[in-house]
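See structure below.
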Amino acid sequence: MEKTPTASNVKARKQGNSITLTVPASFGVVPDAIYKPVLKSDGTIVYKPNKNKNLFDTDFNFREAMREMNIKDNGNLVGKENVW
Numbered sequence: 428m429e430k431t432p433t434a435s436n437v438k439a440r441k442q443g444n445s446i447t448l449t450v451p452a453s454f455g456v457v458p459d460a461i462y463k464p465v466l467k468s469d470g471t472i473v474y475k476p477n478k479n480k481n482l483f484d485t486d487f488n489f490r491e492a493m494r495e496m497n498i499k500d501n502g503n504l505v506g507k508e509n510v511w
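Residue numbers for the sequence shown follow my numbering, beginning at 428 and rising by one.
This is the structure:
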């Protein structure tokens, strides 16, 4: 579902060495959310939410990540090398 901003246009502003675009509050973007900007060949700017998980977070589940990425287990254990 596409949401239309309350203002018809937003203005690009210079902030330090960057240019910022305002996101209307009606879009529901939370502070500190991470997005990946993509510039298309026609000049369209698309912000895609970053769905990557930080593997250094204490609640990161390596087994689940391996299943999602279709990474197979290393096979049968020989000794005490199982660190999972």
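Glycine included, C-beta positions come from ideal geometry on N, C-alpha and C.
Since this is a predicted model, take the numbers as computed values, not measurements.
Along the chain, where does the beta strand (DSSP E) containing residue i start, and where does it finish?
| i | result |
| --- | --- |
| P464 | Y462 to L466 |
| P476 | I472 to P476 |
Could you check where the alpha helix (DSSP H) with residue i kicks off and where it finishes?
| i | result |
| --- | --- |
| F483 | Careful: F483 lies outside any alpha helix (DSSP H) and carries neither H nor E. |
Return the residue from the list the options that minimises the CA-CA distance to residue i.
| i | options | result |
| --- | --- | --- |
| V437 | A492, M493, S445 and P451 | P451 |
| K475 | V457, I461 and S468 | I461 |
| S453 | Q442, I446, K441 and S435 | S435 |
| N479 | G443, K463 and K499 | K463 |
| D459 | E495, N477, N444 and E491 | N477 |
Give the secondary structure of residue i by DSSP, where H, G and I count as helix, E and B as strand, and everything else as coil.
| i | result |
| --- | --- |
| S445 | strand |
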